[in-house]
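> First to last, the sequence lines map onto chains A and B.
Position 122 of the first sequence, counted from 1, bears residue number 122 in UniProt numbering, the numbering being contiguous throughout.
Position 25 of the second sequence, counted from 1, bears residue number 25 in UniProt numbering, the numbering being contiguous throughout.
We put the CB at the ideal spot given by N, CA and C, even for glycine.
My structure is below; once you've seen it, I'll send some questions.
2 protein chains.
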Amino acid sequence: MDPDAVAKAFVEHYYRTFDSNRQALGGLYQDGSMLTFEGDNIQGAAAIVAKLSSLPFQQCAHAISTVDCQPSGPPGGVLVFVSGSLQVGGEQHPLKFSQMFHLIPTSQGSFYVLNDIFRLNYA
Amino acid sequence: MDPDAVAKAFVEHYYRTFDSNRQALGGLYQDGSMLTFEGDNIQGAAAIVAKLSSLPFQQCAHAISTVDCQPSGPPGGVLVFVSGSLQVGGEQHPLKFSQMFHLIPTSQGSFYVLNDIFRLNYA
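Shown next, in the form of structure tokens:
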């Protein structure tokens, strides 16, 4: 398992899906998954998708600046740390953000998101 | 174990120590600890302290804006996600940063840093 390859593939898939069809992100989370979004704590795949789908914009486009990753416990887990900017429909200026994910291997040879923390970086 | 209390105490201790005596941060890391600092990968407490001690400024002061945390695997682990700004001696303007830590419980009832990822947020 190459953490860099896992992180790169995950980041591409996650933000492409976020920008095209947020509802489809549900498959990346499980019941024990946690999202902290700008300080709001949400647990479970269904509640996380509901939160992401309810964000007050229809269209958005993420541009990724940096992706860092490290292997982590439990065995096979990967931490992914992302910085970038987010262009939201109707807004002139992109918003800077940072986000981290803790990816856990599944028995099917894939990964799910156990932890997801998102913050906008205000200038 | 209250993850919020662990995160708050850790963040206060970490940045106070960083700003007053970077060498003393070594006690927070172990041989398997990983630091990714602006894309540089460093492993092990001694190498991490050497890296932090070699940063090209003598004085610095962190100001913390947000601290988010979540429990994480392995059992008792805590993920901490920090945003803030860093005033470096000689520089007029503070630098914005984001940083994450994965804290793992020790057999002595304390925590050590398994994962540490740091990024400056360029405006």
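Given that residue 93(A) touches chain C, what residues does it touch there, using C-beta distances under 9 angstroms?
Looking at the structure shown, chain C is missing, and the protein chains on hand are A and B.
> Is there a Cβ from chain B that is less than 8 angstroms from the Cβ of residue 70(A)?
By one-based count along the first sequence, residue 70(A) stands at place 70. Yes - at least one Cβ of chain B is within 8 angstroms of the one on residue 70(A).
> Check each residue of the stretch 79-90 of chain A: if its Cβ is closer than 8 angstroms to any Cβ of chain B, include it; give the result in chain order.
Residues 79, 81, 83.
> Tell me whether the beta-carbon of residue 129(B) lies closer than 8 angstroms to the beta-carbon of residue 68(A).
With chain B represented from 1 up to 123, any question about residue 129(B) goes unanswered, as that position is not in the structure.
> Leaving aside the five residues before and after residue 99(A) along the sequence, list all residues of the same chain whose C-beta is less than 6 angstroms from its C-beta, in chain order.
The residue given as residue 99(A) occupies position 99 in the first sequence. Excluding positions up to five away in sequence, the list reads 82, 118.
> Is residue 114(A) close to chain B, meaning its C-beta is less than 8 angstroms from at least one C-beta of that chain?
Translated into the one-based positions of the first sequence, residue 114(A) becomes position 114. At least one chain B Cβ lies under 8 angstroms of residue 114(A).
> Counting only beta-carbon atoms, is residue 102(B) nearer than 8 angstroms to chain A?
Position 102 of the second sequence, counted from the first residue, corresponds to residue 102(B). At least one chain A Cβ lies under 8 angstroms of residue 102(B).
> Looking at chain B, is there any beta carbon in it that lies within less than 8 angstroms of the beta carbon of residue 3(A)?
Here the question's residue 3(A) lines up with position 3 in the first sequence. It does not: the Cβ of residue 3(A) has no partner Cβ on chain B nearer than 8 angstroms.
> Where do the N-terminal and C-terminal ends of the beta strand (DSSP E) with residue 54(B) fall, by residue?
As a working note, residue 54(B) is residue 54 in the second sequence. Taken as a continuous stretch (DSSP letters only), residue 54(B) belongs to no beta strand (DSSP E), as it is neither H nor E.
> Go to residue 3(A), then tell me how far its beta strand (DSSP E) extends in each direction, as first and last residue.
As a position in the first sequence, residue 3(A) is number 3, starting the count at 1. Counting along the chain, residue 3(A) falls outside any beta strand (DSSP E), though it belongs to the alpha helix (DSSP H) covering 3-20.
> Should the stretch 27-42 of chain B be regarded as contacting the stretch 61-79 of chain B, the criterion being three or more beta carbon pairs within less than 8 angstroms?
Touching, no, given that fewer than three Cβ pairs across the two stretches are closer than 8 angstroms.
> Provide the residue(s) that pair with residue 66(A) in DSSP beta bridges, ordered along the chain.
As a position in the first sequence, residue 66(A) is number 66, starting the count at 1. 83(A), per the DSSP bridge assignment.
> Within the continuous beta strand (DSSP E) that includes residue 98(B), where are the two ends?
Position 98 of the second sequence, counted from the first residue, corresponds to residue 98(B). Looking at the DSSP string, the run of the beta strand (DSSP E) that includes residue 98(B) is 95-105.
> With residue 97(B) and residue 121(B) assumed to form a contact (beta carbons below 8 angstroms), what rounded beta-carbon distance in angstroms separates them?
Here residue 97(B) is taken as the residue at index 97 of the second sequence, counted from 1. Here residue 121(B) is taken as the residue at index 121 of the second sequence, counted from 1. The Cβ separation is near 6 angstroms, so the contact holds.
> Go ahead and label residue 110(B) buried or exposed: buried means 16 or more other beta carbons lie within 10 angstroms of its beta carbon, across all protein chains shown.
Indexing the second sequence from 1 puts residue 110(B) at position 110. Exposed, by the Cβ-count rule.
> Pick from 93(A), 29(A), 53(A), 104(A): whose alpha carbon is nearest that of residue 63(A)?
Your numbering for residue 63(A) matches position 63 in the first sequence. Comparing Cα positions, the closest option is 93(A).
> Between the stretch 44-57 of chain A and the stretch 23-35 of chain B, do three or more beta carbon pairs fall short of 8 angstroms?
no
> Could you please give the first and the last residue of the uninterrupted beta strand (DSSP E) stretch that includes residue 114(A)?
On the first sequence, residue 114(A) is found 114 positions in, with the first residue counted as 1. Element bounds for residue 114(A): 111-120.
> So for residue 23(B), helix, strand or coil by DSSP?
Counting from 1 along the second sequence, the entry for residue 23(B) is found at position 23. Helix at residue 23(B).
> Are the C-beta of residue 17(B) and some C-beta of chain A separated by less than 8 angstroms?
Here residue 17(B) refers to the residue found at position 17 of the second sequence. Not an interface residue.
> Could you spell out the range, first to last residue, of the beta strand (DSSP E) harbouring residue 90(A)?
On the first sequence, residue 90(A) is found 90 positions in, with the first residue counted as 1. It is not in any beta strand (DSSP E) - residue 90(A) carries neither H nor E in the DSSP assignment.
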